[in-house]
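S.K.: If you use the UniProt record's numbering, the sequence shown closes out at 351, no skipped numbers anywhere.
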Amino acid sequence: MLAYCKSLPKAELHAHLNGSVSVRAIEKLIELRKRSEPDYKADDRVLSTAKAQDKIRTLADAFLMFPLIQALTQTSEAVTLATVEVISEFNDDNVKYLELRTTPRENTVTSMSKVDYIEAVLAGIATCSERLPIIVRLLLSIDRRQEVADASETVDLAIKFAKSKDARVVGVELSGDPKFDGRKFLPLFQKAREHGLKITLHLAESCDWMEELSEMLALPPDRIGHGTLLHNDPVHAAVIRENSIPLEICLTSNFICQTTKTFKDSHLDFWFSRKQPVCLCTDDQGVFDTYLSKEFEIASETFNLTKQDLFDTSLCGLRCGFAPKEELYAIERIWAQFAKEHALKYSSLRD
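Given below as structure tokens:
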């Protein structure tokens, strides 16, 4: 089934830029760093953990890698390189539509501003758009730990870049430590929506701040990230079903973070069996040592999904994308051709 999953055209909607940086990309970033700092040496313990091929990646392993990746992306050149590497690896996995997400950050040491950071990511996207058969769009992230003023700046930047010539910024998202209440950002998400941006929110990843759900769902978001515990609450589950809010489900991430004890415990089956829009995603494919085809294979093996089920799920992911509908319709031709070649059922939204 893995071969089929690799051949399947896919859409990735939940990919954090830093978390998607692989060992291969880290090595290239180290080489770049050494050009300006010949004596630079990365932590051997972190590198050996990252390169280990004979063990399942743990949350502790992931937390070792994040600081290294952040330390290696302190200049615009490094950010662009990281972006190109991440997109290239998604392309290698036959991902045809990709939404990256990242929190704009600045670095006073290297004089990289938040605008510089965003432009560096967009430069990487532009480079790949010229070279590779993949469509990439960008979401700017608000971290739950941020102050409202910082988050407001992020929304303003998203609005600004969404109106630029290339218009590759298509939305904003909420992520970060679920222990921090996200309701203080609701006016900012309203503002983003008023300016045509789409919204996806990490919700119900843990039992922390479950009381925020009613207000957050009342927005309502265009998609929900994870939503791991939402199916346990009939009231909120009903709201999601009534509004047909798609869920971005990341099986390996949930397992490694232990928000689900086993793959079988995932909420995917609950929503899939109720024909709720669900999108299989990787979350942080670099630090969690996964890739989207692998997520599809895990779903197939765990929940006995057929090739048709996997195709339908993949197509659902594309249709839940935040790019303009005309762009998504154009990309969907790839799925239509795949269905024809593999004798799968397919119905265009325009039929």
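Even glycine gets a Cβ: it sits at the ideal position worked out from N, Cα and C.
No experiment lies behind these values; they were computed from the predicted model shown.
Within the continuous alpha helix (DSSP H) that includes R241, where are the two ends?
M.R.: 234-242
S.K.: Figure out for me which residue from D309, I256, Q276 has the closest Cα to the Cα of L230.
M.R.: Q276
S.K.: On the CB-based measure, 16 or more other CB atoms within 10 Å of its CB, does V79 come out buried or exposed?
M.R.: It is buried - the Cβ of V79 has at least 16 other Cβ atoms within 10 Å.
S.K.: Would you kindly work out how many angstroms separate the C-alpha atoms of A149 and D143, rounded to a whole number?
M.R.: Those two C-alpha atoms are separated by around 12 angstroms.
S.K.: Tell me which residue opens and which closes the beta strand (DSSP E) that R101 is part of.
M.R.: Counting along the chain, R101 sits inside the beta strand (DSSP E) bounded by residues 95-102.
S.K.: Is DSSP giving L197 helix, strand or coil here?
M.R.: coil
S.K.: So what's G286 in DSSP terms, helix, strand or just coil?
M.R.: Residue state, collapsed to three classes: coil.
S.K.: Assign I245 to one of three DSSP states: helix, strand, or coil.
M.R.: coil
S.K.: Report yes if the CB atom of R137 is closer than 8 angstroms to the CB atom of A323, and no otherwise.
M.R.: Going by C-beta atoms, R137 is nearer than 8 angstroms to A323.
S.K.: What's the call for L292, buried or exposed, on a 16-neighbour Cβ count within 10 Å?
M.R.: buried
S.K.: Report yes if the CB atom of S175 is closer than 8 angstroms to the CB atom of H202, and no otherwise.
M.R.: yes
S.K.: So, does the CB of I331 fall closer than 8 angstroms to a CB anywhere in chain C?
M.R.: In the structure shown, chain C does not exist; there is a single protein chain.
S.K.: What is the DSSP secondary structure of D309, reduced to helix, strand or coil?
M.R.: helix
S.K.: Taking the beta carbon of K179 as the centre, do at least 16 other beta carbons fall within 10 Å, making it buried, or is it exposed?
M.R.: exposed
S.K.: Return the first residue and the last residue of the alpha helix (DSSP H) that R24 is part of.
M.R.: 23-36 is the extent of the alpha helix (DSSP H) around R24.
S.K.: Can you give the Cα-Cα distance for T103 and N18, rounded to whole angstroms?
M.R.: 10 angstroms
S.K.: With L139 and R183 assumed to form a contact (beta carbons below 8 angstroms), what rounded beta-carbon distance in angstroms separates them?
M.R.: Incorrect: roughly 20 angstroms between the Cβ atoms, too far for contact.
S.K.: How long is the line joining the alpha carbons of A3 and S253, rounded to whole angstroms?
M.R.: 22 angstroms
S.K.: E173 by DSSP, collapsed to three states: which one?
M.R.: strand
S.K.: Quick one: what's got a C-beta closer than 7 angstroms to L213's C-beta in the same chain, skipping five residues either side?
M.R.: Exclusion of the five residues before and after L213 leaves L203, A204, H236 as the residues of its chain whose Cβ lies within less than 7 angstroms of its Cβ.
S.K.: Could you give the distance in angstroms between the alpha-carbon of F90 and the alpha-carbon of H16?
M.R.: So the two alpha carbons sit approximately 12 angstroms from each other.
S.K.: Whose C-beta lies closer than 7 angstroms to the C-beta of K264 among residues of the same chain, with five residues either side of it excluded?
M.R.: T302
S.K.: Tell me which residues share the same chain as A60 and place their Cβ nearer than 6 angstroms to its Cβ, disregarding the 5 neighbours each side in the sequence.
M.R.: none
S.K.: Determine the closest residue to L247 out of D289, A162, S314, L305, with distance taken between C-alpha atoms.
M.R.: Checking every option, the nearest Cα to that of L247 belongs to S314.
S.K.: Can you list the beta strand (DSSP E) stretches of 3 or more residues lying completely in the region 76-137, in chain order?
M.R.: 95-102
S.K.: Tell me, which residues are paired with R223 by DSSP?
M.R.: T200
S.K.: Should R45 go down as buried or exposed, given a rule of 16 or more other Cβ atoms within 10 Å for buried?
M.R.: exposed
S.K.: Measuring CB atoms only, is the region 28-35 touching the region 58-77, in the sense that at least three cross pairs come out at less than 8 angstroms?
M.R.: yes
S.K.: With DSSP as the reference, label L140 as helix, strand or coil.
M.R.: In the three-state reduction of the DSSP assignment, L140 falls in the strand class.
S.K.: In three-state terms, what does DSSP make of A3?
M.R.: helix
S.K.: With distances taken from CA atoms, which of G317, M65, L64 is nearest I224?
M.R.: G317
S.K.: I'd like to confirm the pairing. Which residues does DSSP put opposite L280 in its beta bridges?
M.R.: I249
S.K.: Buried or exposed for N232, please, with buried defined as at least 16 other CB atoms from any protein chain shown within 10 angstroms of its CB.
M.R.: exposed
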